[in-house]
Amino acid sequence: MSKTELVAPPPKRRREEKGEGPSTQRSTHIHLPSEIWGDVMDFLSFKDVLTCSAVSNTFLKEVMSFVKYLHICSRHELRVSYAKRFARSDVEEINVYCLITCLDPEDNQESFSICQNTACRIVPFLTHFPKVQMCGLDVDANGINLHYYFRDSFLQPDSVEIVRSLVRSICGAYQSGAFSQRLKIYGPAFQAGTFICYKESGCSLCRMYCTSFPLVEAVNARAICLPVQDRLDIIAGRPKGKKTLSSPSLVLELLKHHVEVPFKLETSPGVHITEQAIVFGKQVVEELEILCKKYFDVKKLDPEQVLDALGSDSEEEIWLVKKYHEFLADLGIPISETDIRVVNEANLLSDVHLHM
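The opening position of the sequence shown corresponds to residue 12 in the numbering used here, with each subsequent residue numbered one higher.
Laid out in structure tokens, this is it:
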């Protein structure tokens, strides 16, 4: 008697109800590639992203690795345990909306408060995102960017020291390698005109900033209280510091930091028109002089690039105050006599340059 192999019967097919067929069946699930779901997560708040990763194992293991942007709306979201969920992710930008609060947004003289509980959690949280390139700390809970009118004079007294402590923590993260030198931080104390230092000679906080922050940020930190020579010497002593200071782009960027002041131009006897002449502030003049005499070879400059930096992209003539024209010429910066016209300082209608 031959052996008989027992085979399980095929599963019974569900009997279709009347009026129901394959063409009328619809799925309630949305099937999208993980990359697309990652793009969707970029527009959600961090709280919603965490909820998605908690309720779906697929989201946690597959989608989170494609998230590029995080939006933090509460200090309670700045937890290391939450950050670890993105250990394999390529997060590039993190925005924190809960650090700054505008106390009276309808008043022209705004008053700002800094959340200490948020400030002390930022650095430990960011260290778990090795690929992050930008962190925004200058936006409030309403999504208003405070960068352009945030000043230390508008801060509550207790908030000033909180910001200083945050700067020290970030400096330590840069120095220890916890933060990449590619990481750029926007926020109070990190842009020109908003730096929170002690306004004293040899300020330790300013020295720490120039020693720790990325070279480009340290070069552009012209609002700190250190003398220009001290700031540039600190930068020159850092790895790749002299190479940064010898870059033509740095000098060209300084040439763009000019102000146009109105002056009267006599076109014919008794007829005058108003034109604009280029002037430079004292700090820009000092920095240009130190760079060109100590760190930078002016022969590397292209005359066309110099004209572009001074504003030759416009159709109007370029007017330069005589003493600044002579100053640039003495430094060896190539200036075309045919493309730039000179005006005496006595013809200026404003002395704004004397206070720069």
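Each residue gets a CB set at the ideal place from its N, CA and C atoms; glycine is no exception.
Its Cα nearest to that of I301, the residue L243 stands out among L243, H336, I351.
If you ignore the 5 residues before and after G343, its C-beta comes within less than 6 Å of the C-beta of V309, all in its own chain and listed in chain order. For K195, the secondary structure class from DSSP, reduced to helix, strand or coil, is strand.
A residue is called buried once 16 or more other Cβ atoms fall within 10 Å of its Cβ, and T278, having fewer, is exposed. Spanning the alpha carbons of V91 and G183 requires a straight line of approximately 18 Å. Annotation for C113: the continuous beta strand (DSSP E) segment containing it runs 111-113.
As the crow flies, the alpha-carbon of A288 is around 21 Å from that of P280. Contact between the stretch 185-193 and the stretch 135-150 is established, with three or more Cβ pairs separated by less than 8 Å.
Between S56 and C84, the gap from beta carbon to beta carbon is short of 8 Å.
Rounded to whole angstroms, Y185 and H269 show a C-alpha spacing of 32 Å. DSSP, reduced to helix, strand and coil, places P238 outside both helices and strands of the structure shown, so it counts as coil. When DSSP states are grouped into helix, strand and coil, K275 belongs to the strand group. Nearest in C-alpha terms to S260, of all of N128, I173, K58, V317, is V317. Counted as a single uninterrupted DSSP element, the stretch harbouring H336 is not any beta strand (DSSP E) but the alpha helix (DSSP H) occupying residues 333-342. For V91, the enclosing alpha helix (DSSP H) begins and ends at 91-94.
In the DSSP assignment, S361 falls outside any alpha helix (DSSP H), carrying neither H nor E. In its chain, beyond the 5 residues on either side, S64, L71, M75 have a beta carbon closer than 7 Å to the beta carbon of R96. Residue environment analysis places G248 among the exposed positions, since fewer than 16 neighbouring C-beta atoms fall within 10 angstroms of its C-beta.
Counting the other Cβ atoms within 10 Å of the Cβ of H283 gives fewer than 16, which makes it exposed.
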